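Residue numbers (the UniProt record's numbering), protein chains in the order written: chain A, 1 to 319; chain B, 1 to 319; chain C, 1 to 319; chain D, 1 to 319.
There are 4 protein chains.
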Amino acid sequence: MTDYARGYDLAHLGYHAMYTPTPDATLAYFVDLLGMDIVAQDGDSTYLRAFGDYQLWSLKLTASNQGGLEYMSWRTESDAALERRVAWLEANGHAGRWLDPEYGIGRSYEFLDPDGHTFRLYFDTERYVAPEGKRPAIPTNVQAYAGRGANVRRLDHVNLLARDVRRNREFWEDGFGLRTYEVIRQADGVAEAGAWMSSSIQGHELIYTQENTSGSGRLHHFAYLVDSREDVLLAASMFADAGIYIEAGPSAHTAIQGFYLYTREPGGNRIEVAHGGYLEFAPDHETYIWSADEWKTKPGWGARIPPEFHIYGTPDVAE
Amino acid sequence: MTDYARGYDLAHLGYHAMYTPTPDATLAYFVDLLGMDIVAQDGDSTYLRAFGDYQLWSLKLTASNQGGLEYMSWRTESDAALERRVAWLEANGHAGRWLDPEYGIGRSYEFLDPDGHTFRLYFDTERYVAPEGKRPAIPTNVQAYAGRGANVRRLDHVNLLARDVRRNREFWEDGFGLRTYEVIRQADGVAEAGAWMSSSIQGHELIYTQENTSGSGRLHHFAYLVDSREDVLLAASMFADAGIYIEAGPSAHTAIQGFYLYTREPGGNRIEVAHGGYLEFAPDHETYIWSADEWKTKPGWGARIPPEFHIYGTPDVAE
Amino acid sequence: MTDYARGYDLAHLGYHAMYTPTPDATLAYFVDLLGMDIVAQDGDSTYLRAFGDYQLWSLKLTASNQGGLEYMSWRTESDAALERRVAWLEANGHAGRWLDPEYGIGRSYEFLDPDGHTFRLYFDTERYVAPEGKRPAIPTNVQAYAGRGANVRRLDHVNLLARDVRRNREFWEDGFGLRTYEVIRQADGVAEAGAWMSSSIQGHELIYTQENTSGSGRLHHFAYLVDSREDVLLAASMFADAGIYIEAGPSAHTAIQGFYLYTREPGGNRIEVAHGGYLEFAPDHETYIWSADEWKTKPGWGARIPPEFHIYGTPDVAE
Amino acid sequence: MTDYARGYDLAHLGYHAMYTPTPDATLAYFVDLLGMDIVAQDGDSTYLRAFGDYQLWSLKLTASNQGGLEYMSWRTESDAALERRVAWLEANGHAGRWLDPEYGIGRSYEFLDPDGHTFRLYFDTERYVAPEGKRPAIPTNVQAYAGRGANVRRLDHVNLLARDVRRNREFWEDGFGLRTYEVIRQADGVAEAGAWMSSSIQGHELIYTQENTSGSGRLHHFAYLVDSREDVLLAASMFADAGIYIEAGPSAHTAIQGFYLYTREPGGNRIEVAHGGYLEFAPDHETYIWSADEWKTKPGWGARIPPEFHIYGTPDVAE
């Protein structure tokens with residue numbers, strides 16, 4: 001067992017960037033309906049934060065000809081941890097490059113996962129200090145409640161599509177010590193249809209599910225956290241009234257057991273409003289492996305997911 | 001406008017009776033999973049109450065060869081109101097018969113709706129007095145919380161199947177002043193697929209939906225009320241763990257906007273655990289008429305209902 | 001039993017008007033924190049609506065040197081019901097005067113309750129039609145969810161202070177058939193400390209509690225409805241972050257059993273964000289009378305109310 | 001920074017034991033009202049589990065002449081971690097003794113914290129396998145929902161009283177790497193009134209607050225987790241109806257921001273039903289230090305705690 005055996009070198013998901021072909025409408029979605037705040041703008045990019053983010057920002061939206069992930073990132077536990085993970089990448093054929101600091105974030109190391117998604121690692125970050133009018137009543141909060149739309153607190157997890165789920169899962173386990181809480185096996189008993197991974201006791205931060213098109217490096221969804229299942233239900237009513245497309249939910253997932261609501265922001269990226277999912281405290285917890293047959297029985301009470309959920313991603317590509 | 005124009009002669013749904021081919025398992029469902037109490041037994045019949053019922057009992061379960069409705073009932077506003085409604089029935093070709101008082105209930109008048117469901121009207125009833133150990137902390141409650149399973153508070157509404165929804169709706173409007181809050185029209189623009197009716201400001205007590213089999217006088221479902229949508233979600237987890245078949249939900253209905261969970265009790269009767277639905281205060285409120293086309297668009301965010309929801313009822317009959 | 005015996009001539013609380021010494025800050029409270037919309041302005045007055053109001057507006061705020069109630073109103077069941085209630089007022093020494101129609105509302109009859117609060121009765125009203133951008137997904141809703149702050153749906157109830165609670169209660173019972181669901185007796189066993197009244201099955205619309213100062217015609221609070229107790233808790237976090245004074249709650253009331261949060265809007269008027277309270281279906285329900293001693297035992301689990309709750313009202317006067 | 005710097009050698013709270021002078025009534029409280037299950041009995045002791053516990057049991061109740069803590073425990077990350085922590089204890093003047101395995105648990109090492117509370121460390125434990133009738137629908141759950149009373153999922157945290165909070169906090173930080181999320185300073189700016197500590201990202205597992213009597217080694221409370229704030233509110237109604245003493249809440253804590261309900265089980269031990277509290281993801285998070293003055297301002301909206309909360313503990317001793 002190495003010193004990062006339980007994901008100790010990665011602390012949590014960090015700052016992320018997404019493309020959108022409809023920047024104004026997408027911004028309105030994130031600001032008015034999710035309740036996020038704009039903290040900076042730079043050319044075609046806008047930096048946003050949720051009220052629970054302790055960093056300056058967590059999401060950059062950039063105008064482009066289509067939706068999709070620009071990059072996502074992990075904050076490491078320390079600068080030494082950052083160096084250790086970069087050393088592993090370079091020693092194992094995944095070398096990337098160091099990036100200069102940008103708005104509120106120190107140096108980052110950028111690299112690709114096996115499916116071609118861009119990731120960054122960083123440690124240095126600037127803490128947000130709420131200005132007058134945004135200060136929270138309780139000083140252990142970072143910022144006042146948004147009081148707008150879904151009032152999302154922070155990013156909860158990210159789901160990427162991968163042509164080879166197993167290979168991507170093993171990449172994060174071997175190189176970064178991510179814990180895998182659940183895996184769905186395909187009918188051959190070897191290939192995997194999904195994997196739920198985390199750097200901590202919370203059930204999911206990074207999910208890979210099967211890419212069923214010719215694409216690669218695609219985004220399935222970003223999930224933003226609200227404080228209760230009741231808040232997910234309230235968000236659903238507000239999204240429906242705002243004319244936002246609701247793809248699935250509100251209902252409960254079998255894997256990790258979170259409560260979900262899937263929408264598409266106007267730029268086409270799938271965005272989830274979520275609450276819950278279990279915490280796993282056992283240090284000797286074993287990954288739960290769903291066989292293809294067992295997964296089909298769909299235990300629990302969650303609604304059936306529509307077929308498009310297993311195909312659509314951004315950028316949108318021909319099947 | 002007559003003196004019962006807003007349903008004033010009917011006060012609320014009263015005491016009801018259901019058949020079950022699996023009396024022991026059905027009782028276990030109502031007691032352990034819904035949280036109701038047994039108050040009396042008489043031969044093949046068991047009398048049950050929910051903790052919010054002010055009467056002695058609200059549901060009688062009777063062993064039979066198949067599930068279905070034995071009868072349902074309305075309490076009238078007064079004894080005079082009871083007489084007025086009976087006079088209307090007898091003057092309009094719906095004469096029934098007076099029944100002697102039974103356990104906790106005074107005389108009733110029994111008759112049929114146009115589809116052949118048995119109904120009763122009554123006014124005299126005995127108030128429940130909670131014994132030691134069942135007394136509530138707050139004296140305006142009737143009884144202590146069940147503390148079991150779904151903790152249902154009371155019956156919320158009943159849904160019956162009818163070969164001619166419109167004719168049944170008009171029967172209750174003309175004879176009893178029930179208010180109809182919503183109607184779904186069929187494609188011909190005349191026949192109706194559903195009607196939501198109430199004796200009060202709450203959006204539904206008695207619902208008729210289209211009978212799509214050769215049957216008549218069939219039950220679609222009884223709906224029991226819990227205190228929050230969160231309680232419906234909790235109930236879903238408990239029902240799933242108990243191996244109860246969940247047909248649909250938890251999700252939100254478009255008509256009346258309640259939050260639903262449909263199960264089948266072991267005897268086959270469909271039972272809903274529900275919360276919410278709107279109150280309608282406007283005295284000049286007009287029935288909302290859904291055209292067949294508008295209904296198909298399914299506005300709002302509720303999950304799709306499975307096809308069996310539109311066919312299955314008790315007793316179960318060949319299509 | 002007269003034809004209005006169960007409050008049948010009064011349909012529901014109508015349009016209301018409040019004074020404020022801080023009109024801009026008060027408007028910001030109602031719009032940004034409660035989530036109401038401005039629909040019109042006229043001199044020193046602003047007309048507001050909540051997203052669930054079927055009328056054009058429900059609250060008028062008018063600049064003045066101090067807070068307090070300008071008037072409140074009831075909508076009647078019909079124009080004939082309006083005439084009947086005016087006839088009763090004029091025959092019983094409570095004559096007032098007819099007012100011309102104003103913004104969105106037809107003629108009203110204005111009069112005083114025994115404590116000197118101004119009330120109006122009216123029937124004609126204009127229905128709100130949501131413009132593009134405010135249209136709800138489900139056509140049985142009037143307007144889209146606010147998506148701001150507490151997202152209040154509509155006014156739930158009003159609490160007035162009265163030097164003689166009993167006399168005011170009897171005025172509404174005798175003249176308008178309001179149902180009284182609960183009364184608190186004072187130690188002498190005759191005078192009353194509080195009375196909870198309604199025109200319908202919902203537990204409270206109009207409350208009188210004891211005036212403990214030299215004032216008269218004063219307002220205790222307006223209560224706005226949200227969809228769940230969880231929404232009340234969320235509102236509390238948003239109010240605290242916005243620096244709004246929270247006087248009491250969130251917690252549960254013993255009388256009527258609603259879940260409450262008491263704040264003061266910047267102009268000093270006490271505003272409650274509320275959910276719940278029971279519905280009373282029994283036609284032969286009897287008013288629950290709390291003796292002074294029984295009331296002191298405070299059954300149930302609600303938090304203790306601070307002393308100022310029993311003294312402060314608007315306008316604020318010397319004790 | 002050592003390899004356990006973020007609490008890595010301790011995984012989570014483990015199995016615990018409590019005394020009660022009223023064993024039958026206390027058992028009824030834990031089984032009927034909290035919803036826990038009895039898994040074994042041994043002389044005067046009964047072993048209980050909550051439905052979310054992955055171990056065989058988590059609480060032992062033992063008859064005694066008064067309430068109080070017998071012991072509490074931590075599970076370590078590994079057997080090596082157990083050895084490392086014992087080595088630290090023995091090297092730093094806190095030597096205890098090894099205990100033989102007992103029901104479902106391997107060897108433990110027992111020692112005292114500076115205030116004299118008994119703790120145990122262990123790694124080996126037996127996983128619970130649900131028998132027929134207790135199996136959950138979703139295999140990533142351990143056991144079916146209780147469906148009784150408050151349906152508590154697992155122990156959330158424990159609060160002990162200490163004459164010297166600071167010394168006890170430093171003991172756990174120095175020896176075990178517990179993270180301290182919040183501290184309240186006393187008026188002298190040095191002594192501490194409270195400290196909230198955790199072995200993980202969740203805001204509190206072990207709390208010390210000031211002992212204000214002559215006692216030592218006393219228990220303030222055990223807190224059991226439910227799935228939502230709505231479940232805490234439901235529990236309050238059930239406890240009130242069951243005649244259980246409710247000391248405080250439901251309301252929200254300022255420290256860690258959990259939602260609480262404090263009761264006393266019949267044997268006098270204070271038991272909380274709780275939901276929430278923040279997760280802290282930042283690896284460079286600093287302990288939030290409340291000055292005595294700042295703490296007095298009580299930011300946020302939680303209700304005032306009654307004075308007895310700061311004095312009463314078990315065993316109950318003279319002030």
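Cβ coordinates follow ideal geometry from the N, Cα and C atoms, glycine included.
The structure displayed is predicted, hence computed values, not measured ones.
*asked:* Per DSSP, what are the beta-bridge partners of L209/C in this structure?
replied: Locating residue 209/C in the third sequence gives position 209, where the first residue counts as 1. According to the sequence provided, residue 209/C is Thr. The question's Leu does not apply to it. Under DSSP, T209/C takes part in a beta bridge, and its partners are L161/C, G194/C.
_Bounding residues of the beta strand (DSSP E) (the contiguous stretch that carries L219/D)_ = In the fourth sequence, the residue the question calls residue 219/D occupies position 219. Segment 219–225, the beta strand (DSSP E) holding L219/D.
*Contact residues within the segment 36–69 of chain D, judged by C-beta distance below 7 Å to chain B*: Residues of the segment 36–69 of chain D that bring their beta carbon within less than 7 Å of a beta carbon in chain B are absent altogether.
_Option in A28/A, A282/A, K134/A with minimal Cα separation from S200/D_ = What you label residue 200/D is simply residue 200 of the fourth sequence in a count that begins at 1. Comparing Cα-Cα distances from S200/D to each of A28/A, A282/A, K134/A, the minimum goes to A282/A.
*With a CB to CB cut of under 7 Å and the five nearest residues on each side skipped, what residues in its chain are close to F239/A?*
On the first sequence, position 239 is the one that residue 239/A refers to. Excluding positions up to five away in sequence, the list reads L33, I246, T263.
*Interface residues of chain A facing W301/B [CB-CB closer than 9 Å]*: Taking the second sequence and counting its residues from 1, one reaches residue 301/B at position 301. Residues of chain A with a Cβ closer than 9 Å to the Cβ of W301/B are, in chain order, L233, A236, S237, F239, A240, I246, G249, P250, L261.
*What number of angstroms, rounded off, separates the C-alpha of G194/A from the C-alpha of Y8/B?*
Within the first sequence, numbered from 1, the residue matching residue 194/A stands at position 194. Within the second sequence, numbered from 1, the residue matching residue 8/B stands at position 8. The straight-line gap separating the alpha-carbon atoms of G194/A and Y8/B is approximately 58 Å.
_Y145/C at chain A interface by Cβ criterion, 9 Å_ = For the purposes of this step, residue 145/C is identified with residue 145 of the third sequence, where counting begins at 1. For Y145/C, the answer is yes, since a Cβ of chain A falls inside 9 Å of its Cβ.
*Does E230/C have its Cβ less than 9 Å from a Cβ in chain D?*
Within the third sequence, the letter at position 230 stands for residue 230/C. E230/C has a beta carbon lying within less than 9 Å of a beta carbon in chain D.
_Integer Cβ distance of G68/C from R218/C, believed to fall under 8 Å_ = Mapped onto the third sequence, residue 68/C falls at position 68. Mapped onto the third sequence, residue 218/C falls at position 218. Between R218/C and G68/C the Cβ distance is about 7 Å, and since that is below 8 Å, they are a contact.
_Within the continuous alpha helix (DSSP H) that includes W88/D, where are the two ends?_
Reading the fourth sequence from its first residue, position 88 is the one you call residue 88/D. Where W88/D is concerned, the enclosing alpha helix (DSSP H) starts and stops at 79–91.
*asked:* Just to confirm the assignment, what range does the alpha helix (DSSP H) spanning residue 392/C have?
replied: There is simply no residue 392/C to check, as chain C begins at 1 and stops at 319 in what is shown.
*Between V152/B and A144/B, is the Cβ-Cβ spacing less than 9 Å?*
Along the second sequence, one-based indexing puts residue 152/B at 152. Along the second sequence, one-based indexing puts residue 144/B at 144. No, the pair does not count as a contact, with Cβ atoms beyond the cut-off.
*CA-to-CA distance, T46/D to S64/B, given in whole angstroms*: For this step, residue 64/B is matched to residue 64 along the second sequence. For this step, residue 46/D is matched to residue 46 along the fourth sequence. Rounded to whole angstroms, S64/B to T46/D spans 44 Å at the Cα level.
*Separation of W98/C from V183/B, as counted between CA atoms*: Reading the second sequence from its first residue, position 183 is the one you call residue 183/B. Reading the third sequence from its first residue, position 98 is the one you call residue 98/C. V183/B and W98/C have their C-alpha atoms spaced approximately 39 Å apart.
*Beta-ladder partner(s) of V273/C, from DSSP*: The sequence position of residue 273/C within the third sequence is 273, counting from 1. In the DSSP assignment, the residues bridged to V273/C are Y224/C, L261/C.
*Check the DSSP bridge columns for E132/B and list the partner residues they point to.*
The residue given as residue 132/B occupies position 132 in the second sequence. The partner list for E132/B (beta bridge, DSSP) is empty, contrary to what the question assumes.
*Closer than 9 Å, CB to CB, is F281/C near chain B or not?*
Walking along the third sequence from the start, residue 281/C turns up at place 281. So yes, F281/C belongs to the interface.
_Rounded separation between D316/D and Q66/D - CA only_ = For the purposes of this step, residue 316/D is taken as the residue at position 316 of the fourth sequence. For the purposes of this step, residue 66/D is taken as the residue at position 66 of the fourth sequence. Going by C-alpha positions, D316/D is about 8 Å away from Q66/D.
*Under a Cβ-count criterion, where at least 16 other Cβ atoms within 10 Å of its own Cβ denotes burial, should D156/A be classed as buried or exposed?*
Sequence index remark: in the first sequence, residue 156/A carries index 156 (1-based). Classification of D156/A: buried, given that the 10 Å Cβ count is 16 or more.
*Using 9 Å as the limit for Cβ to Cβ distance, is I207/A near chain D?*
Along the first sequence, read from residue 1 onward, the residue named residue 207/A stands at position 207. Not closer than 9 Å to any Cβ of chain D, the Cβ of I207/A fails to qualify, so no.
_Per DSSP, what are the beta-bridge partners of E110/C in this structure?_
The sequence position of residue 110/C within the third sequence is 110, counting from 1. DSSP, once it has assigned bridges, lists R97/C, R120/C as partnering E110/C.
*Could you check the C-alpha separation between V31/A and A25/C for me, to the nearest Å?*
Residue mapping note: residue 31/A aligns to position 31 of the first sequence, counting from 1. Residue mapping note: residue 25/C aligns to position 25 of the third sequence, counting from 1. For V31/A and A25/C, the distance between alpha carbons rounds to 24 Å.
_R153/D in three-state terms, based on DSSP_ = Against the fourth sequence, residue 153/D aligns to sequence position 153. Here R153/D carries a coil assignment [DSSP, helix/strand/coil].
*Is DSSP giving P250/B helix, strand or coil here?*
Counting from 1 along the second sequence, the entry for residue 250/B is found at position 250. P250/B falls in the strand class under three-state DSSP.
*asked:* Just to check my reading of the structure: S82/C and Y122/C have Cβ atoms closer than 8 Å, yes? What is that Cβ distance to the nearest angstrom?
replied: Residue mapping note: residue 82/C aligns to position 82 of the third sequence, counting from 1. Residue mapping note: residue 122/C aligns to position 122 of the third sequence, counting from 1. Correcting the residue identity first, residue 82/C is Leu in this sequence and not Ser. Right, their Cβ atoms sit about 7 Å apart.
*So, M18/C versus F222/C, is the Cβ gap smaller than 9 Å?*
As a position in the third sequence, residue 18/C is number 18, starting the count at 1. As a position in the third sequence, residue 222/C is number 222, starting the count at 1. Yes, the Cβ-Cβ distance between M18/C and F222/C is below 9 Å.
*Taking the Cβ atom as the reference point for each residue, do T254/B and I207/C lie within a distance shorter than 9 Å?*
Taking the first residue of the second sequence as position 1, residue 254/B is located at position 254. Taking the first residue of the third sequence as position 1, residue 207/C is located at position 207. The beta carbons of T254/B and I207/C sit no closer together than 9 Å.
*Is it buried or exposed for K60/C, if we count other Cβ within 10 angstroms and need 16 for buried?*
As a position in the third sequence, residue 60/C is number 60, starting the count at 1. K60/C is buried by the Cβ-count criterion.
*Could you have a look at A63/B and say whether DSSP puts it in helix, strand or coil?*
As a working mapping, residue 63/B is identified with position 63 in the second sequence. A63/B carries a strand assignment under DSSP once its states are collapsed to helix, strand and coil.
_Between the segment 78–94 of chain D and the segment 116–132 of chain D, can you find at least three pairs of beta-carbon atoms closer than 8 Å?_
Touching, yes.
_Taking a contact to mean a Cβ-Cβ separation below 9 Å, would you say P23/B touches D53/B in this structure?_
For the purposes of this step, residue 23/B is taken as residue 23 along the second sequence, with counting starting at 1. For the purposes of this step, residue 53/B is taken as residue 53 along the second sequence, with counting starting at 1. Cβ distance not < 9 Å, so P23/B and D53/B don't count as in contact.
_Applying the 10 Å Cβ sphere with the 16-neighbour rule, what's the burial state of A274/D?_
Here residue 274/D corresponds to residue number 274 of the fourth sequence, with the count starting at 1. The residue in question, A274/D, is buried, as its Cβ has 16 or more Cβ neighbours within 10 Å.
*Check whether R166/A and E192/A have beta carbons under 9 Å apart*: The residue labelled residue 166/A in the question sits at position 166 within the first sequence. The residue labelled residue 192/A in the question sits at position 192 within the first sequence. Their beta carbons are under 9 Å apart, which means R166/A touches E192/A by this criterion.
_Positions along the segment 103–135 of chain A whose CB lies within less than 7 Å of some CB in chain D_ = From the segment 103–135 of chain A, no residue has a Cβ closer than 7 Å to chain D.
*Residues of chain B with CB under 9 Å from H12/C, in chain order?*
Here residue 12/C refers to the residue found at position 12 when the third sequence is read from its first residue. Using a Cβ-Cβ cut-off of 9 Å, H12/C is close to I201, F281, A282, P283 of chain B, given in chain order.
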